[in-house]
Each structure stands twice: as C-alpha cells, then as structure tokens.
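So the sequences go chain by chain: R and W. For the first sequence, the numbering used here gives the first residue as 102, with consecutive numbering after it. For the second sequence, the numbering used here gives the first residue as 13, with consecutive numbering after it. I have placed the structure first, in the form of structure tokens, so that the comments after it can refer back to it.
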Amino acid sequence: MTHTGKPGHDLTGDETGAPEPEGLDARLVVDHGTFRLDIALTAAPGEVVALLGPNGAGKSTALRALAGLAPLTAGHLSLDGTELDRLPPESRPVGVVFQDYLLFPHLTALDNVAFGPRCQGATKAQARATAAAWLDRMGLADHAGAKPRRLSGGQAQRVALARALATGPRLLLLDEPLAALDARTRLDVRAQLRRHLAAFEAVAVLVTHDPLDAMVLADRLVVVEHGRVVQEGTPQDIARHPRTDYIARLVGLNLYTGRAEGHTVRLDGGPTVTTTEDLTGQVFVAFPPGAVTLHSSRPTGSSARNLWRCEVAGMETHGDQIRVDLTGELPLAADLTTVAAAELELHPGAEVWATLKATQTHAYPV
Amino acid sequence: MTPADTSGAAARTHKGTRKGTGPRRRRVGAGGGQGVPLPLLLPALLALAFLLVPLLALLVRTPWQSMPEQLTSPVVWQALRLSLVCATAATAVSLVLGVPLAWLLARTEFPGRGLVRALVTLPLVLPPVVGGVALLMALGRNGIVGQWLDQWFGISLPFTTAGVVVAEAFVAMPFLVISVEGTLRAADRRYEEAAATLGASRFTAFRRVTLPLIAPGIAAGSVLAWARALGEFGATITFAGNFPDRTQTMPLAVYLALQSDPEAAIALSVVLLAVSIAVLAGLRDRWMTAS
Numbered sequence: 102m103t104h105t106g107k108p109g110h111d112l113t114g115d116e117t118g119a120p121e122p123e124g125l126d127a128r129l130v131v132d133h134g135t136f137r138l139d140i141a142l143t144a145a146p147g148e149v150v151a152l153l154g155p156n157g158a159g160k161s162t163a164l165r166a167l168a169g170l171a172p173l174t175a176g177h178l179s180l181d182g183t184e185l186d187r188l189p190p191e192s193r194p195v196g197v198v199f200q201d202y203l204l205f206p207h208l209t210a211l212d213n214v215a216f217g218p219r220c221q222g223a224t225k226a227q228a229r230a231t232a233a234a235w236l237d238r239m240g241l242a243d244h245a246g247a248k249p250r251r252l253s254g255g256q257a258q259r260v261a262l263a264r265a266l267a268t269g270p271r272l273l274l275l276d277e278p279l280a281a282l283d284a285r286t287r288l289d290v291r292a293q294l295r296r297h298l299a300a301f302e303a304v305a306v307l308v309t310h311d312p313l314d315a316m317v318l319a320d321r322l323v324v325v326e327h328g329r330v331v332q333e334g335t336p337q338d339i340a341r342h343p344r345t346d347y348i349a350r351l352v353g354l355n356l357y358t359g360r361a362e363g364h365t366v367r368l369d370g371g372p373t374v375t376t377t378e379d380l381t382g383q384v385f386v387a388f389p390p391g392a393v394t395l396h397s398s399r400p401t402g403s404s405a406r407n408l409w410r411c412e413v414a415g416m417e418t419h420g421d422q423i424r425v426d427l428t429g430e431l432p433l434a435a436d437l438t439t440v441a442a443a444e445l446e447l448h449p450g451a452e453v454w455a456t457l458k459a460t461q462t463h464a465y466p467v
Numbered sequence: 013m014t015p016a017d018t019s020g021a022a023a024r025t026h027k028g029t030r031k032g033t034g035p036r037r038r039r040v041g042a043g044g045g046q047g048v049p050l051p052l053l054l055p056a057l058l059a060l061a062f063l064l065v066p067l068l069a070l071l072v073r074t075p076w077q078s079m080p081e082q083l084t085s086p087v088v089w090q091a092l093r094l095s096l097v098c099a100t101a102a103t104a105v106s107l108v109l110g111v112p113l114a115w116l117l118a119r120t121e122f123p124g125r126g127l128v129r130a131l132v133t134l135p136l137v138l139p140p141v142v143g144g145v146a147l148l149m150a151l152g153r154n155g156i157v158g159q160w161l162d163q164w165f166g167i168s169l170p171f172t173t174a175g176v177v178v179a180e181a182f183v184a185m186p187f188l189v190i191s192v193e194g195t196l197r198a199a200d201r202r203y204e205e206a207a208a209t210l211g212a213s214r215f216t217a218f219r220r221v222t223l224p225l226i227a228p229g230i231a232a233g234s235v236l237a238w239a240r241a242l243g244e245f246g247a248t249i250t251f252a253g254n255f256p257d258r259t260q261t262m263p264l265a266v267y268l269a270l271q272s273d274p275e276a277a278i279a280l281s282v283v284l285l286a287v288s289i290a291v292l293a294g295l296r297d298r299w300m301t302a303s
C-alpha cells in the first residue's frame, strides 16, 4: 500500500519496516448484531485519512473502535508500535472530535479544553495555561470564558478540536466534523480545519459522508460500504476512477461495468458504449451527467457516437441545472439547463433520446 | 416516581384548577362537541372537592391568633427543629449512599439488576410500619446487625435521634434513587464517552461530568426525599419511638397533640402543609420548568 504523505514528509522509515513503526496500523473487526465491520486501515504520521461512505456503512463504528468506545471482535490496532486494542479509551493516546462536539455544557470553553490536561495530571493552573494557548491558536482567546451554549457552531467546533488536541494525541479522530454546521459556516470552518489538520503531526482519521469534506481535508480516502473497504486512494484518483456506484454518484459520474473490445464496451446491462480508450476485458466506463445531451426525437445529424432511447424517471434542481434521472436502454443521469429542460418539455414518463460523445467517456480496467 | 412525573402531575393539577373556573366551564353549558360530558365532570368535581375541602377545613379551623404562641411553645419548637434536622440528615444519608446506587443501576450491567431495582423500590410501597418493624429486626439491640453494633461499638440505634434518621432514610432513599436513576438514564452517556477519550477514568467522568449534568435531577430527588422524610410517621414511631426532643418529630407531635391539645396539632399541621406547598412550588418552578 502506498502512503500519500504530506509534501516533504519522510516516509522511508515506514516503508522499509524500521524497528519502530510509526503511525496507525489496524484491522478493525466489529460485530454489531447482523452487521459486521471488517476494514484494514493504515496511516503514516502527518497523514489525514478520510473514511468516506454512506450512512450505515460502519464508518462511525470504525471510529468508535479506534477510540476504544466499541470493543474489537477481532483484528488488531497498533499506534506507533504500541498495541492499543486491550486499552480502555482513557488510556489511549487518542483525541476525538465528536459529530455534535459534546462540549461539556457546564464548563466554560477554557475548562472544556483544560479537562484533558487535568485528567493527565496537570495542575489546574497548568491545565488552564495549556488550554488558553490552544484556544488562542484557534482564534478563540476572546471566548475562553463562554459556556458552550453561547458559542456559534463554528466556534464550538474549534473548541472541540482544541479540546481533542490539548491532550497531545497520537491519533486524532473526527466524526463528521462539519455535519452540524450550516452551509455558510461550513466553508470557513472547512478551510480552518484543513489548516489545523495540516499542522497536526500525528495521524488523523476523519469520518464523513460528504465527498467534498473528504476531498478537501484528507490526503487519502478510504471508501467504506457495508462494513468493507471498497476503494482507497488519493482524492484525485478516486474522483477519476470510481469503482462503485456510490462513489460515482458522489463525484457526479455515471458509472457502468462491461466488457471492452477495442473502442466498444458492451455493458453488463445490454447496450454498448463507444469510448476513446482502446481496451480489452472487464472495464469501468464513466462519464459526467453534463456530457449527456437530450433530444425530444431521434436526432439525425448528431456527430455523437452514442445514442440511447430513454424515459424520464425524475427531475431535480441542482443549482441552476436540472438533473434528469433517466431509465430505459441505459439508466443514467443527465444535467441540463432549465431553459433546455423547458424547451424539451420534460416531464416524468416523457420519451427522450440521449446522445454522448465518445470523447466525453472515460474507460479504465476493473 | 420520577421528577418528570411529579412535574406533569403538578402542571396538570394547576391547569385543571384554572380551567375549572375559567372559559372551559362556559363551554360545558353550551353543550358543544368539545364540552365535558356530565358523567365525567361530576365525579371529577367531586374528586377535586374531596382533595381540597380537608385542606380548606384545616385552614378555616386554624387558630390564627394563637399561632405565634403555639409555634414558639417548647414542644412545637422542639418537634419542628428535630424534624428539620432529621429530615435533612436523612436526605444527606440518602444522597451519599443513594446517588452511587442510582449510578450502579443506571450505568452497569450485573446479574439480577432488575431484581435489585425492584427491591430498592419496595420501601416506596411498603407500609412504613412494616419498615419500622423490619428495621428493628435488623438494627434493634437484638437485631441481626444491631447486636454486633452494640457488642463491638456500643452503638444502639433504636429510640435515638440517629434512629429517626435511619428510619427516615429507609423510607426516603428510594425516592432519591429512582429519581436520580431516571435522570441518569435520560442523560446523554456520550458525554461520559467524551470524558473517557480525554483521559478521564470512570470515576473522574462521573465526578466532573455526569454529576454536574444531573445536578437538577439530584436536587429534585433530594427535595422529594426530604419531603418524604419530613412527613415520615410509621417507621419512625416503630423504630425510634416517641420521645420529646429526642425522637418526637412533627408528625408524631401532631398525632400526640391531637388528643391533648388540638390547637397545637392544627398549628403544626399548617406548618407541614406550608412546607409541602413550598416543596411543590419549588420543584415546579426551579427544576421542572427549567429542564
């Protein structure tokens, strides 16, 4: 497995199997009723890994297992060469930023951050000094005396991050760190969080179902579905070569599998797609919804190599675009402008012809 | 009984009383679809009268002129002071022992937990006199524990002020335990998990996070327990007897005075009624509406 460390980070020790392995090396198996989580997870110090997946995929369970809040059924968990799987949560060098932060409501921001250092044996004065320094670093020095309910969502998030970092963890866990924020604050907080994560020298693992958060914040994505890792790689790699429907939809691509013979791919569903790549064997074919053109009758003069007859199953607005959900010869999503949608008189059940240029498709081996 | 229940009951009574005299009654006369049917209204009003008339009668018959004199008489004053001291001490005992028990019931799994919980609530429904007899069998001079207390430490609890505290705590503690356990169950356990990830042991998490979070529930439970202890009669008279200035608490004094000095009995009763109303008001305004 290749680690995509931060630029300038020295990974040689990790890759040559030096006597003191650094970073996270885990295989997490957790049985939860009929659900089974079974994922392998490694990360180098300084690396930010995002567990990306739909709700119920087991991401949060993985996080709880890493923190020691959910026991491992099997597997192992080592951090910087130390086995953690038998240790209770309070003995693990792990910091957690919870989804809704869980700031202690009866304590001020300062005392929330000082809580960890206090538990580690610092005196009250020492702990408060540490906490004040962290709040200052987060730009929250003015809010040190505020109770959590008086903090905005973005401020609470930073206090939660400061609280988790104040114990000096070797593994930082973030559970949907931006999910509790409204769209406006999210943008700011995401940028700030990215800065803080970039400055964090140990391993950070964040859990999210938002591909944008994952791609902005993480160096490497691990996509989890149904308790399994289905794909991992850099954000760029995953965006370009999605290997499951879920990821394809996340990154806004139509994705199919089929058998390629030269420039033609016969899809598992039946129809063929003409591509520019020259491949043989099992392949993925992907194309963005914006590349699809719709026509109300069979087009005659189109230069597009791909033509399918479809039926409108549904429509929804996406900003100034309309995403049309199509069934028929090939189920696909198409994006068009509101004007185009009006001219085509689209409505659920309407028959349309979809065309797609071969140059807009992207085929890659399975 | 949980504090939430009490609050609900208190709020309902309050509203009900107001509606009985307010616009709701006019609607009854109008006979609209929303009106209250007579077969329900009559018994309801009767119930209300049944509950309120005795209290009214008490206030009507109270010798208001001689009240100051009554309340400063040595017997009344002694009983009042003893009651307050013993009820407060019993509440303190209940807190020190009951909160950990509530935590055990709410936060741990052990075999027979359901049975233990049922046994804890037993004194809630047990006739207090039976509780007093049971305490004598346990802590009396020949009781299964009491004989050792007597032999080893020379401690004898029956018929002492400490015995009053024991009897009151026995009856009052379940109120506190059940109330606090309910609050603990309703409290978000994830705060304790957050504390654990910050390095807090389970006890530290309890002390620094859980306890402050459930403080309103503990306060409500304490008030319930205190009020129960203050009114305790059966277990007290059985286990601790009825000695002025030593074990004669207000309820005991009221009962005794009723035969010799009815005016003193009424005066004491009014004081206890006032305390009860204060407790109810305090519970509703300070803790119930806040949470």
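Positions of the beta carbon are idealized from the N, C-alpha and C atoms, including for glycine.
Does the contact criterion of 3 or more C-beta pairs under 8 Å hold for the region 309-323 of chain R versus the region 137-148 of chain R? yes
Return the Cβ separation of Pro155 of chain R and Tyr357 of chain R in integer angstroms, given the expectation that the two are a contact with Cβ distance under 8 Å. 20 Å between Cβ atoms; not a contact.
Report the rounded CA-to-CA distance for Gly429 of chain R versus Asp369 of chain R, giving the unit in angstroms. 14 Å
Under a CB-based cut-off of 9 Å, is Phe199 of chain R close to chain W? yes
Please look up how many angstroms separate the CB atoms of Gly143 of chain W and Ala239 of chain W, rounded, as I've assumed it's under 8 Å. Not really, about 17 Å apart at Cβ, beyond 8 Å.
Please specify which runs of the beta strand (DSSP E), each continuous and at least 3 residues long, are wholly inside the region 261-304 of chain R, giving them in chain order. With a minimum length of 3 residues, the continuous beta strand (DSSP E) runs that stay inside the region 261-304 of chain R are 272-276.
Three or more C-beta pairs under 8 Å: does that hold for the region 328-339 of chain R against the region 194-202 of chain R? no
Using CA atoms only, rank isn't needed, just tell me which of R:Asp126, R:Arg360, R:Asn213 and R:Thr209 is closest to Ala247 of chain R. R:Thr209
Outcome for Arg219 of chain R when other beta-carbon atoms lying within 10 angstroms are tallied against a minimum of 16: buried
Contact check, His310 of chain R vs Leu262 of chain R, beta carbons under 9 Å: no
Any beta carbon from chain W within less than 9 Å of Arg264 of chain R's own beta carbon? yes
Smallest Cα separation from Gly420 of chain R: which of R:Ala414, R:Thr439, R:Val413 and R:Leu431? R:Thr439
Would you say Thr172 of chain W and Arg296 of chain W are within 9 Å of each other, going by their C-beta atoms? no
Would you kindly report the start and end of the unbroken alpha helix (DSSP H) that includes Phe187 of chain W? Element bounds for Phe187 of chain W: Thr173 to Ala198.
Beta strand (DSSP E) containing Pro466 of chain R: first to last residue? His463 to Pro466
Under 9 Å, CB to CB, which of the residues in the region 193-225 of chain W have a partner in chain R? Asp200, Arg202, Tyr203, Glu205, Ala206, Ala207, Ala208, Thr209, Leu210, Gly211, Ala212, Ser213, Arg214, Thr216, Ala217, Arg220, Val221, Pro224 and Leu225
Taking DSSP as the reference, what is the three-state secondary structure of Asn213 of chain R? helix
Hey, quick one: how far does the alpha helix (DSSP H) through Ala392 of chain R stretch, first residue to last? No alpha helix (DSSP H) contains Ala392 of chain R, which DSSP labels as neither H nor E.
If the criterion is Cβ atoms closer than 9 Å, does the pair His471 of chain R and Leu225 of chain W meet it? A question about residue 471 of chain R goes unanswered here, because the residues of chain R that appear run from 102 up to 467.
Determine, using beta-carbon pairs with one atom in the region 263-272 of chain W and one in the region 85-95 of chain W, whether at least three such pairs fall under 8 Å. Pairwise C-beta distances place the region 263-272 of chain W in contact with the region 85-95 of chain W, as three or more of them are shorter than 8 Å.
Assuming Arg250 of chain R and His177 of chain R make a contact with CB atoms under 8 Å, what is their CB distance in whole Å? Not confirmed; about 41 Å, so no contact.
Selection of the region 303-316 of chain R by Cβ proximity to chain W, strictly under 8 Å: Listed by position along the chain: nothing, the set is empty.
Check whether Lys160 of chain R and Leu152 of chain R have beta carbons under 9 Å apart: A distance below 9 Å separates the beta carbons of Lys160 of chain R and Leu152 of chain R.
By DSSP, does Met239 of chain R sit in helix, in strand, or in coil? coil
Which chain W residues sit within Cβ distance under 7 Å of Phe301 of chain R? The premise fails here: Phe301 of chain R is roughly 16 Å from chain W at the closest Cβ pair, so nothing lies under 7 Å.
With a cut-off of 9 Å, does the C-beta of Leu203 of chain R fall near any C-beta of chain W? With a threshold of 9 Å between beta carbons, Leu203 of chain R makes contact with chain W.
Neighbour flag for Arg296 of chain R against chain W, beta carbons, 9 Å: No - not a single Cβ of chain W is within 9 Å of the one on Arg296 of chain R.
In chain order, what residues of the same chain lie with their CB nearer than 6 Å to the CB of Ala305 of chain R, ignoring the 5 residues before and after it? Val149, Leu273 and Leu298
Does Thr224 of chain R get closer than 9 Å to chain W when you measure Cβ to Cβ? no
Just verifying my parser: in three-state terms, what is the DSSP assignment at Ala104 of chain W? helix
If I measure Cβ to Cβ from Ala217 of chain W and keep anything under 7 Å in the same chain, skipping five residues before and after, which residues do I get? Glu204, Ala207 and Ala208
Counting Cβ pairs, one atom from each stretch, are 3 or more of them under 8 Å apart for the region 96-112 of chain W and the region 273-281 of chain W? no
Can you list, in chain order, the residues of its chain whose CB lies under 7 Å from that of Gly34 of chain W, leaving out five sequence neighbours each side? Because Gly34 of chain W sits at a pLDDT of 44, beneath the cut-off of 50, its placement in the model cannot be relied upon, and the point is left open.
Selected residue, minimal CA-CA separation from Ala104 of chain W, among W:Val141, W:Ala174, W:Ala69 and W:Leu54: W:Ala174
Per DSSP, Cys411 of chain R is paired with what? R:Gly429 and R:Val453
Run the CB neighbour count on Gly155 of chain W, radius 10 Å, all protein chains shown included, and call it buried at 16 or more, exposed below. By the neighbour-count rule (16 or more Cβ atoms within 10 Å), Gly155 of chain W is buried.
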